[in-house]
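Asks: Sharing a structure below in structure tokens format, with a few things to ask.
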Amino acid sequence: MMARRYLFLLYVLTTALFLCANPAIGQVPSNPLGLNPFGLKWQQIKTERVEIVFPEELQPQAQRVANVVHYLWDNQRKSVGDKAEKVTILLQNQTTNANGFVTVGPYRSEFYVTPPQFNISGAADWLDLLAIHEYRHVQQFSNSSRGVTKFFRTILGSWVWGGFLGTALPRWYLEGDAVGTETALTLGGRGRVPEFDMQYRALRLSGRKYGYEKASATSLKQFVPNHYNLGYYMTTYARIHFGADIWSKVVQDAVNFKGVFFPFSQGLHRYTGLRTRQLYRATMQELDSLWIQQDTTLQLTKATVVNQKKKATFTSYRNAQYEAEGVWLVEKSGFDKIRTLVRIYANGTEETLTLPGINDEVNNTLSVVGSQVCWSELAYGVRWGLQDFSVVCLYDIKTKQKRRSTQQTRYFAP
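Residue 259 in the numbering used here is what sits at position 259 of the sequence shown, and the numbering runs on without skipping anything.
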């Protein structure tokens, strides 16, 4: 038995080293490189629990983040675990990317403080949501440093720690738990936004019911909602049915690698009687009954599907704009298609117009007046890796000319 355990730990170590080299594993190895403009003057707030580094113009926001972190340290540990480690948080204000991350190498968190154009996380302050969500990851990481994982972190460093964390804990748990926390502790959060339910709800009610493996790993051909949605549903179901501290117990066993294989699923079974697949099925069954009941009370508006041609892979049509009777302009994209501006006719035929630049859907839409189409797109800074812009672009349908009407601006959704 001991030999099997040592062989398994060798396997885990090899996997962890592989995960450290793979920049696609969620937040754990995320370590973007780049610089801010030299003109920024940096300050810091340092306490025994957190160090916040920020441009001087963000002093009020930094103080707010420090207060939120101290509140979470004191009041929100039962559901994630009692361990807490000091962390450095950097506030970045030179990017238009509304996001944040926690990484192990070096151990820190970065908040991108420019809020999204659209309220993807509900009607709550963006910085509060960001602080609660990302600090939940800090708490998850702190409580993963136990037993076997802590041993290898001590002798091999933080990147191997991240690899063991990524091996022991599925990404749906990490993000779902954080989404649940942002929803529980604010009046917003993605769990309260109907759009967050839209994808799973539409798929389940239309009979597209994927197995756990496909739901957690997604697909390169069919549309599968991401691990944020899946994780929110599964972690919430477990808390409702098995207690608020269920995940702190499961995580503690998982990062100690109790059992030979699948330590997370084994820990879950130990405390709930359900393995991961069984928890997924139970969660989906409960959601099905809820959504079917709600669906029977709705009076649906009649709609006509225009683009009925079958596609080999998932294709998305967004930001539809009326151009003329039976003619629409839309943004088309897919797994094998870059974002394209197309004209769709009532008979379903399509005409490619132009290729817009890069932009996040949370910051962009289309606007059409006459023959002019307007949108915003991302423009990277030439010198500074952590500086980017959102510029306004115009396309003339008649002349087929595209131009940028602004430079080095931060304008969204014109």
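Each residue gets a CB set at the ideal place from its N, CA and C atoms; glycine is no exception.
1) State the beta-bridge partners of ASP396 as determined by DSSP.
2) Using the rule of at least 16 other Cβ atoms within 10 Å of the residue's Cβ for burial, across every protein chain shown, is SER371 buried or exposed?
3) So that I know if they touch, is there some Cβ in chain D lying closer than 8 Å to that of CYS374?
4) Does ASP336 pass the burial test, meaning 16 or more other C-beta atoms within 10 Å, or should it be called exposed?
5) Short check: CB of GLN92 to CB of PRO37, under 8 Å?
6) To the nearest angstrom, report how far apart LEU268 and ALA282 are at their CA atoms.
7) Return the CA-CA distance between TRP247 and VAL80, expressed in angstroms with no decimal places.
8) Indicate the three-state DSSP secondary structure (helix, strand or coil) for PRO23 in the structure shown.
9) Where does SER121 fall in DSSP's three states?
10) Using C-beta distances below 8 Å, list every residue in its chain close to ILE358, excluding the 5 sequence neighbours before and after it, in chain order.
11) DSSP three-state call for PHE18: helix, strand or coil?
12) Pick helix, strand or coil for GLY157, following the three-state DSSP scheme.
13) For LYS332, which residues of its own chain have a beta-carbon under 6 Å away from its beta-carbon, when the five flanking residues on both sides are left out?
14) Based on the DSSP secondary-structure assignment, which residues constitute the bridge partners of ALA324?
15) Look at GLY122 and ARG201 and say whether their C-beta atoms are less than 8 Å apart.
16) What separation, rounded to the nearest whole angstrom, lies between the Cα atoms of VAL148 and ILE89?
17) Among PHE262, LEU366, SER158, which has the Cα closest to the Cα of LEU394?
18) On the premise that GLY231 lies in contact with GLU175, defined as a C-beta separation below 8 Å, what is that separation, rounded to the nearest angstrom?
19) Just to confirm my understanding: we take SER216, look at its own chain, exclude 5 residues before and 5 after, and list those with CB closer than 7 Å. What are they?
20) Determine which residues share a DSSP beta bridge with VAL53 and list them.
21) Give the secondary structure of GLY334 by DSSP, where H, G and I count as helix, E and B as strand, and everything else as coil.
22) So VAL65 is in the alpha helix (DSSP H); what residue range does that whole segment cover?
23) Return yes when the Cβ of GLY105 is within less than 8 Å of the Cβ of GLY162, no when it is not.
24) Return helix, strand or coil for SER79, following the three-state DSSP convention.
25) Could you compute how far the alpha carbon of ARG64 sits from the alpha carbon of VAL50?
26) Among LEU130, CYS374, GLY273, GLU110, which residue has its Cα nearest to the Cα of ASN319?
27) My assumption, with CB atoms under 8 Å, is that VAL69 sits in contact with TYR135. Please give the rounded CB distance.
28) Count the other C-beta atoms from every protein chain shown that fall within 10 angstroms of the C-beta of PRO194, then say buried if there are 16 or more, exposed otherwise.
29) Determine the closest residue to ALA413 out of GLY326, ALA131, ILE397, ASP360, with distance taken between C-alpha atoms.
30) I want to know whether the segment 273-289 touches the segment 297-306 - three or more CB-CB distances under 8 Å.
31) For the candidate residues ARG146, ALA312, ARG239, GLN252, whose alpha-carbon lies nearest to that of PHE223?
32) In chain order, what residues of the same chain lie with their CB nearer than 7 Å to the CB of THR183, ignoring the 5 residues before and after it?
33) Work out the CA separation of PHE261 and ARG146 for me, nearest whole Å.
34) Using the three-state DSSP reduction, which class does LEU220 fall into: helix, strand or coil?
35) Just tell me which of GLU351, THR235, ARG410 has its CA closest to the CA of PHE389.
36) State the beta-bridge partners of VAL193 as determined by DSSP.
Replies: Quick look at the numbers:
1) ASP396 is bridged to GLN372, GLN401.
2) The residue in question, SER371, is exposed, as its Cβ has fewer than 16 Cβ neighbours within 10 Å.
3) This model lacks chain D altogether; it includes just one protein chain.
4) Exposure of ASP336 is indicated by the presence of fewer than 16 other C-beta atoms within 10 angstroms of its C-beta.
5) Not a contact, by the Cβ cut-off of 8 Å.
6) Taking the CA atoms as reference points, LEU268 sits about 14 Å from ALA282.
7) Straight through space, the alpha carbons of VAL80 and TRP247 are spaced by roughly 6 Å.
8) Low local confidence applies: a pLDDT of 40 at PRO23 is under 50, so the model's placement there is unreliable, and no value is given.
9) Here SER121 sits in coil by DSSP.
10) The answer, listed in chain order, is ARG339, GLU377, LEU378.
11) Note that PHE18 has pLDDT 49, beneath the 50 cutoff, so the model's placement of it is unreliable and the number below is only indicative. Three-state result, PHE18: helix.
12) Reduced to three states, the DSSP call for GLY157 is coil.
13) For LYS332, where only same-chain residues beyond five positions count, the Cβ hits under 6 Å are TYR317, THR340, VAL342.
14) In the DSSP assignment, the residues bridged to ALA324 are VAL327.
15) No, the pair does not count as a contact, with Cβ atoms beyond the cut-off.
16) When the Cα atoms are used, VAL148 and ILE89 turn out to be separated by approximately 27 Å.
17) Cα-wise, what sits closest to LEU394 is LEU366.
18) Correct: roughly 5 Å between the Cβ atoms.
19) Shown here for SER216: same chain residues with a beta carbon closer than 7 Å to its own, the five before and five after excluded, namely PRO170, TRP172, HIS227, LEU230 in chain order.
20) Beta-bridge pairing links VAL53 to GLN44, LEU90.
21) DSSP places GLY334 within a strand segment (E or B) once states are collapsed to three.
22) Where VAL65 is concerned, the enclosing alpha helix (DSSP H) stretches over 59-75.
23) Pairing GLY162 with GLY105 gives a Cβ-Cβ distance under 8 Å.
24) Residue state, collapsed to three classes: coil.
25) Distance from the CA of ARG64 to the CA of VAL50, rounded to the nearest whole angstrom, comes to 12 Å.
26) Of LEU130, CYS374, GLY273, GLU110, the residue nearest in Cα terms is CYS374.
27) Yes, they are in contact, since the Cβ atoms of VAL69 and TYR135 sit about 6 Å apart, within 8 Å.
28) By the C-beta density criterion, PRO194 is exposed, having fewer than 16 other C-beta atoms within 10 angstroms.
29) Closest option to ALA413, Cα to Cα, is ASP360.
30) No: fewer than three Cβ pairs fall under 8 Å.
31) Between PHE223 and the set ARG146, ALA312, ARG239, GLN252, the nearest pair of CA atoms involves ALA312.
32) Taking THR183 as the centre and dropping the five residues before and after it, the same chain places the C-beta of GLY189, ARG190, GLY191, ARG192 closer than 7 Å to its C-beta, in chain order.
33) Whole-angstrom Cα-Cα distance: 18 Å.
34) Assigned with DSSP and collapsed to three states, LEU220 falls in coil, not helix or strand.
35) Comparing Cα positions, the closest option is ARG410.
36) Partner(s): none; VAL193 has no beta bridge.
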